[in-house]
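Notes follow the structure.
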Amino acid sequence: LVVGTYRYLVSSLPVGMRMLAYVAGFGGGKDRGIDLLERAAAGASEARTDAMYALVLVYNRERRYGDALNVLRQLRELHPRNRLVVLEEASTALRGGRAADADAKLTQGLAALTRDVRPKAPGEEQLWRYKRGAARAALGRADAIDDLRAATEPAAQPWVAGRARVEIARLAARRGDRLAALAEARQAEALCRQGNDPICMADARRILRNANGR
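With the numbering used here as the guide, the letters of the sequence shown map in order to residues 19 to 232.
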């Protein structure tokens, strides 16, 4: 497991850093790394579950969303009460262009979250609402805004609120409301900076440039 993860990570480094790793005696082969992880995930060792989680991350990075979903379904069977597995399954479906599937899974997950008496992570409900809002926005549903607004409530983590505001800004831009798009994108950029989310910051800045005609 460790060797497979390491080989994959090294193969993903920029060329200069990869060369340093080779000089230090560490080689990295992406295909070999993935193969080692797949073998660990298919085995019966104690490392199996960790390998499966690692594969989900790797498959998502490689945009092999169908393969990631297959692993997540296996994880859900192994850990049926793990809410985060369901959340990642829905998130992966959304990344893979399956917004309707993502929406269905997130709706079921939110209902389970409401019933679950176990402790919840800070801002967990807002994270679920952001994900479902993004899925519904991708589907063109008018009720996406309800989830996205809920995802900006004070309990939300800054990066979650920031990403939700990016989606709200996009909705405003689509309906031609330039001022609303600018206002939401500015708030999104500040929240994403606070949450150390460079991808979200880039998305917010792109909306600002487009809204300003640049």
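Note that beta-carbon positions come from the ideal geometry of N, C-alpha and C, so glycine has one too.
Practice task
Would you check if the distance between the CB atom of R154 and the CB atom of D121 is smaller than 8 Å?
Solution key: Taking the first residue of the sequence shown as 1, we reach residue 154 at position 136. Taking the first residue of the sequence shown as 1, we reach residue 121 at position 103. The answer is yes: Cβ separation under 8 Å.
Handout entry: Span of the alpha helix (DSSP H), counted from its first residue to its last, around E107
Key = Along the sequence shown, one-based indexing puts residue 107 at 89. That run of the alpha helix (DSSP H) goes R101 to R113.
Exercise for the section: Just mark S63 as buried or exposed, buried being the case when its beta carbon has 16 or more other beta carbons within 10 Å. Expected result: Counting from one through the sequence shown, the residue named residue 63 turns up at place 45. Burial call: exposed.
Handout entry: Three-way DSSP call (helix, strand, coil) for R57 in this model
Key = By one-based count along the sequence shown, residue 57 stands at place 39. Reduced to three states, the DSSP call for R57 is helix.
Problem - I217 - DSSP class collapsed to helix/strand/coil - result: As a working note, residue 217 is residue 199 in the sequence shown. Here I217 sits in helix by DSSP.
Practice task
Tell me whether Q212 sits in a helix, a strand or coil according to DSSP, three-state version.
Solution key: Position 194 of the sequence shown, counted from the first residue, corresponds to residue 212. Helix at Q212.
Exercise for the section: Just the C-alpha distance for E106 and T67, rounded to the nearest angstrom, thanks. Expected result: Here residue 106 corresponds to residue number 88 of the sequence shown, with the count starting at 1. Here residue 67 corresponds to residue number 49 of the sequence shown, with the count starting at 1. Roughly 15 Å separates the two Cα atoms.
Exercise for the section: Determine the extent of the alpha helix (DSSP H) in which K138 is found, giving its start and end residues. Expected result: As a first step, residue 138 is located in the sequence shown; it is residue number 120 there, counting from the start. Run containing K138: none; DSSP gives neither H nor E here.
Handout entry: Alpha carbon of R61 to alpha carbon of L55, nearest angstrom
Key = Working through the sequence shown from its first residue, we reach residue 61 at position 43. Working through the sequence shown from its first residue, we reach residue 55 at position 37. What sits at residue 61 in the sequence shown is Gly, not Arg. Whole-angstrom Cα-Cα distance: 10 Å.
Handout entry: For K138 and R99, the rounded distance between their alpha carbons
Key = Counted from its first residue, the sequence shown places residue 99 at position 81. Counted from its first residue, the sequence shown places residue 138 at position 120. Distance between the alpha carbons of R99 and K138: 13 Å.
Exercise for the section: Measure the C-alpha to C-alpha separation of V184 and R82 and round it to an integer number of angstroms. Expected result: For this step, residue 184 is matched to residue 166 along the sequence shown. For this step, residue 82 is matched to residue 64 along the sequence shown. Cα to Cα, the separation comes out at about 25 Å.
Practice task
Please go through the same chain and pick out, in chain order, the residues whose beta-carbon is closer than 7 Å to the beta-carbon of T170, but skip the five residues on each side of it.
Solution key: Within the sequence shown, the letter at position 152 stands for residue 170. Closer than 7 Å at the Cβ level, and outside the excluded window around T170, lie A179, A182 and R183.
Handout entry: First through last residue of the alpha helix (DSSP H) which encompasses Q126
Key = Translated into the one-based positions of the sequence shown, residue 126 becomes position 108. Segment A117 to R133, the alpha helix (DSSP H) holding Q126.
Practice task
Compute the distance between the beta-carbons of A234 and E202, then report whether it is under 8 Å.
Solution key: Look at the range of the chain in this structure, 19 to 232, and you will see that residue 234 is not part of it.
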